[in-house]
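Here the structure is laid out as structure tokens; the discussion comes afterwards.
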Amino acid sequence: ERITDTEEEEKEELVTIYRGVNSNAGVAYENALKGIVIPRGGDTGHTDPYTHNNAKDGTLNSQFTSWSYDKEVALNFAYRKGGNGVVLTLQVPKSRLIESPDLHTIVLIQNPKERRLEQEVLIQGTILNAYPEKVALTK
């Protein structure tokens, strides 16, 4: 699903990004199944990408949600804590993305021999139209 707010964004290059949500994430998981992503900090949280990415509890009071250009990274987050979750896919105008400091590398749960950068990008505000796909880790 495409997210645009203005005529200018209609003409802009779209990029595809992904977000993984684990089935143990409570309300966030239930929302993800419907293609909805709500920042933990709502409309009153901070808007500092560095704090979101690096501060203790930085994502808990942020107006951003974390996404990745890499679907394997999203799968990794969906597979945490039990191996089941949802991967959200979203096409968005590049201007809507906020670059993250992207300082984290992860070991993929689905391929423990592989380390990757998260390739994280941030989106400010609530998303209502992502495409959800349920996933389960097979061993």
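In this text, residue positions in the sequence shown follow the numbering used here: the first is 9, and each later residue adds one. Here a beta-carbon is modelled for each residue, glycine too, at the ideal position from N, C-alpha and C.
key: Helix, strand or coil at serine 74 according to DSSP, with G and I counted as helix   = Indexing the sequence shown from 1 puts residue 74 at position 66. Note: serine 74 maps to strand in three-state DSSP.
inquiry  = Once DSSP output is grouped into helix, strand and coil, what is the label at leucine 111?
reply    = Position 103 of the sequence shown, counted from the first residue, corresponds to residue 111. Here leucine 111 sits in coil by DSSP.
message = I'd like to check one pair, threonine 97 with tyrosine 37: are the Cβ atoms closer than 8 Å?
response = The sequence position of residue 37 within the sequence shown is 29, counting from 1. The sequence position of residue 97 within the sequence shown is 89, counting from 1. No. Outside cutoff.
ask   = If phenylalanine 85 and glycine 28 are in contact, beta carbons under 8 Å, what's the gap, nearest whole angstrom?
value = By 1-based counting over the sequence shown, the position of residue 85 is 77. By 1-based counting over the sequence shown, the position of residue 28 is 20. Indeed, because the Cβ distance is near 3 Å, the residues count as touching under 8 Å.
request  = Work out the CA separation of lysine 42 and histidine 60 for me, nearest whole Å.
outcome  = For this step, residue 60 is matched to residue 52 along the sequence shown. For this step, residue 42 is matched to residue 34 along the sequence shown. Rounded to the nearest angstrom, the two C-alpha atoms are 25 Å apart.
Contact belief for asparagine 30 with arginine 88 at Cβ below 8 Å, rounded distance in angstroms = Walking along the sequence shown from the start, residue 30 turns up at place 22. Walking along the sequence shown from the start, residue 88 turns up at place 80. So it is a contact: roughly 5 Å between Cβ atoms.
task = Check the C-beta distance from alanine 138 over to glycine 91 and give it rounded, since I have them as a contact under 8 Å.
result = The count along the sequence shown starts at 1 and reaches residue 138 at position 130. The count along the sequence shown starts at 1 and reaches residue 91 at position 83. Not really, about 21 Å apart at Cβ, beyond 8 Å.
ask   = Tell me the DSSP bridge mates of glutamine 132?
value = In the sequence shown, residue 132 corresponds to position 124, counting from 1. Partner(s): Phe72.
key: Cβ neighbours of proline 57 in the same chain (closer than 8 Å, five flanking residues each side left out)   = Within the sequence shown, the letter at position 49 stands for residue 57. Correct list, in chain order: Phe72, Ile106, Glu107, Ser108, Pro109, Leu130.
query = Hey, glutamate 20 and serine 74: beta-carbon distance below 8 Å or not?
reply = Taking the first residue of the sequence shown as 1, we reach residue 20 at position 12. Taking the first residue of the sequence shown as 1, we reach residue 74 at position 66. Against a cut-off of 8 Å, the Cβ pair of serine 74 and glutamate 20 comes out as no contact.
task = State the Cα-Cα distance for the pair threonine 113 and valine 81, rounded to the nearest angstrom.
result = Indexing the sequence shown from 1 puts residue 113 at position 105. Indexing the sequence shown from 1 puts residue 81 at position 73. In a straight line, the C-alpha of threonine 113 is about 10 Å away from that of valine 81.
message = According to DSSP, threonine 52 sits in a beta bridge with which residue or residues?
response = On the sequence shown, position 44 is the one that residue 52 refers to. The partner list for threonine 52 (beta bridge, DSSP) is empty, contrary to what the question assumes.
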